[in-house]
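Residues 112 to 266 (my numbering) are what the sequence shown spells out, left to right.
This report concerns only the one structure given below.
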Amino acid sequence: METTLIIKNLNMKSALIFGAALFLATGCKTKSPMKLASPAIEETYWKLVEVNGNPVSLPSDAKTIYLVLKKEGGRAQGFGGCNGFGGSYELLSGNRIRFSQVISTMMACDHLDIENQFLKVLQTADNYNLVENQLVLNRARMAPLARFEAVKSID
Numbered sequence: 112m113e114t115t116l117i118i119k120n121l122n123m124k125s126a127l128i129f130g131a132a133l134f135l136a137t138g139c140k141t142k143s144p145m146k147l148a149s150p151a152i153e154e155t156y157w158k159l160v161e162v163n164g165n166p167v168s169l170p171s172d173a174k175t176i177y178l179v180l181k182k183e184g185g186r187a188q189g190f191g192g193c194n195g196f197g198g199s200y201e202l203l204s205g206n207r208i209r210f211s212q213v214i215s216t217m218m219a220c221d222h223l224d225i226e227n228q229f230l231k232v233l234q235t236a237d238n239y240n241l242v243e244n245q246l247v248l249n250r251a252r253m254a255p256l257a258r259f260e261a262v263k264s265i266d
């Protein structure tokens, strides 16, 4: 009789462990596709497509204006149209973001006006939205300051 109870208890424990493992495995699988559908704000190459409500249009031979937020060290880096730039950023609760210590090289070119607007956005932005493959930088509840499209993830 005692042997039968021990076997039943073992079978019940095994069933519970198997059920819990199955539940956890199934739960983990449902979360992965959601992360793949929308790029992360960090470690993504963000191409600037709009600044201060104006589409960014450059000649075909111009270098892409972009932003990359590196997770390691909280470093922001990119290209503004004429110059490379770098600085720090901090992600805060509630989709808030803060850029600081942004510096760039000082070369002049035909796209300096776009670059100046872009760098001003980095100084001004205090929050962001991620919608599908777009990153939008905002100031308070004002109109979007800049829109970016995800080009690729940086690994």
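Where a beta carbon is used, it is the ideal one built from N, C-alpha and C, also for glycine.
- F190 and E154 have their C-alpha atoms spaced approximately 15 Å apart.
- A check of alpha carbon separations from G192 across A219, F259, I152 identifies A219 as the nearest.
- Listed in chain order, the alpha helix (DSSP H) elements of length 4 or more contained wholly in the region 218 to 260 are 223 to 235.
- Cβ contact annotation for L230 (same chain, cutoff 8 Å, sequence separation greater than five): G191, F196, V213, S215, in chain order.
- Taking a cut-off of 8 Å on C-beta distances, the region 152 to 166 touches the region 221 to 229, as three or more cross pairs fall below it.
- Around the CB of N165, fewer than 16 other CB atoms lie within 10 Å, so the residue is classed as exposed.
- In the DSSP secondary-structure assignment, A173 is not bridged to any residue.
- Under DSSP, T155 forms a beta bridge with S264.
- If you look at V167, you'll find it isn't in any beta strand (DSSP E); DSSP assigns it neither H nor E.
- Boundaries of the beta strand (DSSP E) around S211: 207 to 215.
- Of the candidates E243, L233, N244, S264, the residue whose Cα lies closest to the Cα of N163 is L233.
- Distance from the Cα of T235 is smallest, within the candidate group R209, I152, P170, K181, for R209.
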